[in-house]
Structure formats: structure tokens, C-alpha cells
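Each residue of the sequence shown is one higher than the last, beginning at 1 in the numbering used here.
C-beta atoms are modelled at their ideal positions from N, C-alpha and C, and glycine is treated no differently.
Structure record follows, encoded as C-alpha cells.
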Amino acid sequence: MKRPLITAHTGCMNTPPNSIESILEGIKAGADIIEVDVRATKDGVAVLLHDEKIVTPKGVRRVGDLSFKELHDLDRSSRIFRLEEALSIVKEHHRIINLDVKEDSAIDPMIETIEKYKMRDYVIISGCERERANYLKNHYRLYQVLLNVGISLYETYKEDYESFIRKTCWEAIAASCCGININYQFCDESLVSYATIRCIPVWVWTIDEPDVMKKFLDMGVYSITTNEVKILVELGNQAK
């Protein structure tokens, strides 16, 4: 059995999400891929942030309405990192980074940063349902993009799982995606089998329970995202 690639979820190993500490802990624990969330400020700086809004002493503000300096000055309680800082670390440690893009307005600043630091070969882009994936592949065709399977698609087809499988794989192929990124609760062996035979890697997120990890190791998925990197590394090594 081939061990899947292990993706360290941002905030893995009880570290602050979207922090340099999280990236370094994921690398130290043995992850192959490091995940971070990406947004952009008003002045086009790609930053590591999950939420659209932040709470500051001056109230709730949208990240996209603030310049990077304003964002930094308003939220001094926790440092907000630029994408370029994460890129330099994964390059130094010869890892791949999974950029979970949270909004369309972050795409161009994100790509500009990647190109500036010549990091295209180190990047996988996720957070993309079909429309966003199409935009990326039409405008930046050399990038590797995962199709995110949204809950709306699953809810539409959950009473007909076979149709859900076909629709999911068709959307990935139509958008020229390099794989499917799916909540593990929506994924079973029939999807993995159908996708694999069509050369579509299946990435599942986010699994922290050892018993569930073992189930998906046996299933043969391409990558597992986890907060508990050390546990998954140990189980993966046992499964070789």
C-alpha cells in the first residue's frame, strides 16, 4: 500500500492557524504539504488569514477594506503574516504549500507573489469550486488547482451518490483540475475507485481521529489533511 501525501492543516499540532509556528510544526512533524489560508488586503498584499473580517479594538473590519499597514496597526494582538513569508519557508524545507484561497480578490495578488518568488512548482491551489477553478485555469493555466467539492453539490446529489460521484469527477475534468479536494464525510470507497481509474487524485480533509485515518489509508486516497500530523505519519509508515 502506498502511503498518501500528508497535508498539515493550518493550525496543526495545537499551533495558531496561519502562523509561521504552524508551518514549522507541520514540517517538523513530517508533513509533505503545508496548508494555509489566503486573502488579500485593499492594497493587494496576499496575507495568511481565514476569516473575511477581523475583530479589532475599533470594531469589526473587513480584511479587503484595509491596507496591510492598517491591518497590522489595527490587530496587534496577533501577527498577520504575508504569503511571501510562508513561501520562503516551504521552499527552504523542500515542501509543497497548499494555498486555500478564500476569495476571488485574493487570486491575482496571490499569483503575483508566487511568480515574484519563483514558487510555482511548490504550489497547489485549493478552495476552488468550479467557477473559481475555471477562472484560475483560464488565466493561470500552468498552476495546479484542486476542485473543492462544496456542500451544495453534495446536498443536491446525496440521495443519489452515484450521480454525485459522476458529477464531481466531470467537474474536475472540465475545469482541468489536478484532483478533488473533499470533506472526508462526503467521500467513500466508490468515489475513490471511480476517480482513481480516471486519473483524478482524491484529497480528503480534515481527519484527526486515528480510526478514521486508518479507514482512508486503506481506501487509497492521494492525500489526507490533518491537524494531528505525527499520528498520521506513524500510521502511514505502518501501512507501507
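Compare the beta carbon distance of residue i and residue j with 7 Å and say whether it is the shorter of the two.
i, j, result
"I23", "L232", "no"
"V36", "N18", "yes"
"Y122", "I89", "no"
"L66", "T41", "yes"
"L146", "C177", "yes"
"R82", "V47", "yes"
"E189", "D208", "no"
"A175", "R141", "no"
"I165", "Y194", "yes"
"G44", "P109", "yes"
"S105", "G150", "no"
"I224", "V204", "yes"
"Y154", "S163", "no"
"N148", "G127", "yes"
"M213", "L235", "yes"
"R132", "C169", "no"
Kindly indicate which three-state DSSP category residue i falls into: helix, strand or coil?
i, result
"C12", "helix"
"G236", "helix"
"A29", "helix"
"N138", "helix"
"G44", "coil"
"G64", "helix"
"L24", "helix"
"I207", "coil"
"S88", "helix"
"R263", "Nothing can be reported for residue 263: it is not among the residues displayed for the chain, which extend from 1 to 240."
"R166", "helix"
"A174", "helix"
"M119", "coil"
"H94", "coil"
"K2", "coil"
Let me check one thing: in DSSP terms, what residues is residue i bridge-paired to?
i, result
"S126", "D100"
"V221", "Bridge partners of V221: none, in fact."
"R82", "V47"
"R39", "V47"
"N227", "N227 is not bridged to any residue."
"Q144", "I124"
"G59", "T56"
"F7", "A small fix is needed here, since residue 7 is Thr in this sequence, not Phe. According to DSSP, which records beta bridges pairwise, T7 is partnered with I33 and T225."
In terms of residue numbering, what span does the beta strand (DSSP E) encompassing residue i cover?
i, result
"I111", "Not the beta strand (DSSP E): I111 falls in the alpha helix (DSSP H), residues I107 to K116."
"K53", "K53 to T56"
"I180", "G179 to N183"
Can you tell me where the alpha helix (DSSP H) holding residue i begins and where it ends?
i, result
"E198", "Residue identity differs from the one stated: residue 198 is Arg in this sequence, not Glu. Run containing R198: none; DSSP gives neither H nor E here."
"E155", "I151 to Y157"
"S19", "It is not in any alpha helix (DSSP H) - S19 carries neither H nor E in the DSSP assignment."
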